[in-house]
Structures are given as structure tokens and as C-alpha cells.
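J.: According to my numbering, the residues represented by the sequence shown are 7 to 220, in order. Dropping the structure in here first, questions after.
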Amino acid sequence: MATVDVQGVPGQRRLARGDGTDGTIGAGRALAWLLMITGAAGVLSGWVITIDKFKLLEDPGFQPGCSLNPVVSCGNIMKSEQAGVFGFPNPMLGLVTYAVVVALGAGLLAGARYRGWLWLGLNAGMLFGVGFCTWLMYQSLYEINSLCLWCCLAWVATIVMFWYVTAHNVHHGVIPAPAGLRTFLGEFTFALPVLHIGIIGMLILTRWWEFWTS
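See the structure below:
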């Protein structure tokens, strides 16, 4: 069956109808690689933070390698109550969820096609991830008053994967949307994560402006 390009995420291709005859939806190599790379970045950040957290539990005087100055201090983040919201270290949750993203991306790269409910579930999980990261950002900037570079990497990875999966789902009708929104997401998908991350960068810059400029 002939395939046609899908506007939006570069390299995505679909069947002429947009979906498989069995109700499954695939994705192109670009989105597959994006999920694998961002998922791997999340796994890496979660792994490093988890290892450092265990070292900190063994030795309260341990200083993580990313504790560089009074602002960029992973140790302050790890010692905070917010670092274990669910009763265990937050990055342990990331190790599982980001690994799932890597696995799904690898499946897409191998030619797998998923049901709409899975795409919607993936999007919902990423929406939760963005919301949780946003809460952690607020806590980091205005309550704990410190930054963790590995946490920042996880934030960026989550934001990027969320917006691109959202755009994919809108294009394929998994998420109903007006034609104008579909067109916008098709042509300017990249602008959404850039704007989102840019806003966070500005908040970080202004929060510690005196420190950065001193």
C-alpha cells in the first residue's frame, strides 16, 4: 500500500489513510530516534542521581559531582523532602518510565505500529511527567533554592518527547483537534519545546541573576 509523508515531525510516514487497516498507528524514524534519545537521556539522569542518592545515604558528607556552587548543588536537591515525593527517590520512577519510552522508540524503529490507546496512554504519561517536572522546577527554584544539572536534563527530555508525541497524536487523530491546530503543529512542532524550555531558562536566569552576573 502506498505511503505518504506526514507533515509535522520530520521523516514521519503513514499509510494513505493515516492508520493501518487493523487500527494501528506507526511513526517514522525521526520520532522513533527522538523517543530513544530523550528516553535514554532520562534514564541516564535517573541512574546518576539514584547512584549519588545511595552514596549520600551511606555518607551524609558525600558531595555529588554536579554540586558545583551554591546554586548548582545536586546535594541540596537530593537531601530535600521533595526528592522522594512517593516514598522513594524520584529518579527511581524515572528509571522505569524513561526505559519504557526507549523501548517504544526502539519498537517504532523496528517497524512496530501501536494501537491508539497506547499512543494516548503514552501521551497521558508524558503529560503527567511534564506536570511533575513543572512542580519540581518550582520547588527547585523557589523552595529549595538550588539546581540539579541532571534534573535539568530530565526536564528537557520530558518536555521534548511530550510535545513531539502530542503533535504526532494530533496529526493521526488520536487527539481530536481543529484543522488549524493540526496545521500549526505540523509546521511549527519544534517551536513548542523551544518556547517551553526557553521560558524555564529565563526563569532560572532571572531567579539567580545577581549570582550569574557577579
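We treat Cβ as the ideally placed atom computed from N, Cα and C, and that holds for glycine. Keep in mind it's a predicted model, so treat the numbers as computed, not measured.
(1) Can you give the beta carbon distance from Val62 to Met84, rounded, assuming they're within the 8 Å contact cut?
(2) Does Ile165 have its Cβ less than 8 Å from a Cβ in chain D?
(3) Measure from the alpha carbon of Leu153 to the alpha carbon of each residue in Leu37, Leu74, Thr56 and Lys59, then state which is nearest.
(4) Reducing DSSP to helix, strand and coil, say where Leu63 ends up.
(5) Between which two residues does the alpha helix (DSSP H) carrying Val78 extend?
(6) Straight-line CA distance for Val77 to Ile31?
(7) List the DSSP bridge partners of Leu153.
(8) Mapping the DSSP letters down to three states, classify Arg213 as helix, strand or coil.
(9) Check this for me: beta carbons of Ile181 and Thr172, under 8 Å apart or not?
(10) Suppose contacts are defined by Cβ-Cβ distances below 8 Å. Is Met132 in contact with Phe168 by that definition?
(11) By the three-class DSSP mapping on this structure, what secondary structure does Ile206 have?
(12) Check whether the Cβ atoms of Val200 and Leu187 lie closer than 8 Å to each other.
(13) Below 8 Å on the Cβ atoms is my guess for Val54 versus Val108; work out the distance and round it to an integer in Å.
(14) Measure the C-alpha to C-alpha separation of Thr9 and His178 and round it to an integer number of angstroms.
T.: Let me lay it out:
(1) Locating residue 62 in the sequence shown gives position 56, where the first residue counts as 1. Locating residue 84 in the sequence shown gives position 78, where the first residue counts as 1. A quick correction: the sequence has Leu, not Val, at residue 62. With 8 Å as the limit, Leu62 and Met84 qualify as a contact, their Cβ atoms being about 6 Å apart.
(2) This model lacks chain D altogether, as it is built from one protein chain only.
(3) Taking the sequence shown and counting its residues from 1, the one referred to as residue 153 is at position 147. Among Leu37, Leu74, Thr56 and Lys59, the Cα nearest to that of Leu153 is on Leu74.
(4) For the purposes of this step, residue 63 is taken as residue 57 along the sequence shown, with counting starting at 1. Correct three-state label for Leu63: helix.
(5) Indexing the sequence shown from 1 puts residue 78 at position 72. Where Val78 is concerned, there is no enclosing alpha helix (DSSP H), given that its DSSP letter is neither H nor E.
(6) Residue 77 sits at position 71 when you count from the first residue of the sequence shown. Residue 31 sits at position 25 when you count from the first residue of the sequence shown. If I take the Cα positions, the gap works out to 44 Å.
(7) Translated into positions along the sequence shown, residue 153 becomes position 147. Leu153 pairs with Val78.
(8) Taking the first residue of the sequence shown as position 1, residue 213 is located at position 207. Looking at Arg213 - three-state DSSP - the assignment turns out to be helix.
(9) As a first step, residue 181 is located in the sequence shown; it is residue number 175 there, counting from the start. As a first step, residue 172 is located in the sequence shown; it is residue number 166 there, counting from the start. In this structure, Thr172 lies closer than 8 Å to Ile181 by Cβ.
(10) Your numbering for residue 132 matches position 126 in the sequence shown. Your numbering for residue 168 matches position 162 in the sequence shown. Taking 8 Å as the Cβ cut-off, Met132 and Phe168 qualify as a contacting pair.
(11) Position 200 of the sequence shown, counted from the first residue, corresponds to residue 206. Helix at Ile206.
(12) The sequence position of residue 200 within the sequence shown is 194, counting from 1. The sequence position of residue 187 within the sequence shown is 181, counting from 1. Contact flag unset, no.
(13) Position 48 of the sequence shown, counting from 1, holds the residue named residue 54. Position 102 of the sequence shown, counting from 1, holds the residue named residue 108. With 8 Å as the limit, Val54 and Val108 do not qualify as a contact, their Cβ atoms being about 16 Å apart.
(14) By one-based count along the sequence shown, residue 9 stands at place 3. By one-based count along the sequence shown, residue 178 stands at place 172. In this prediction, Thr9 has a pLDDT of 40, which is less than 50 and means its spatial position is unreliable; what the coordinates show is noted afterwards. The alpha-carbon separation between Thr9 and His178 amounts to approximately 14 Å.
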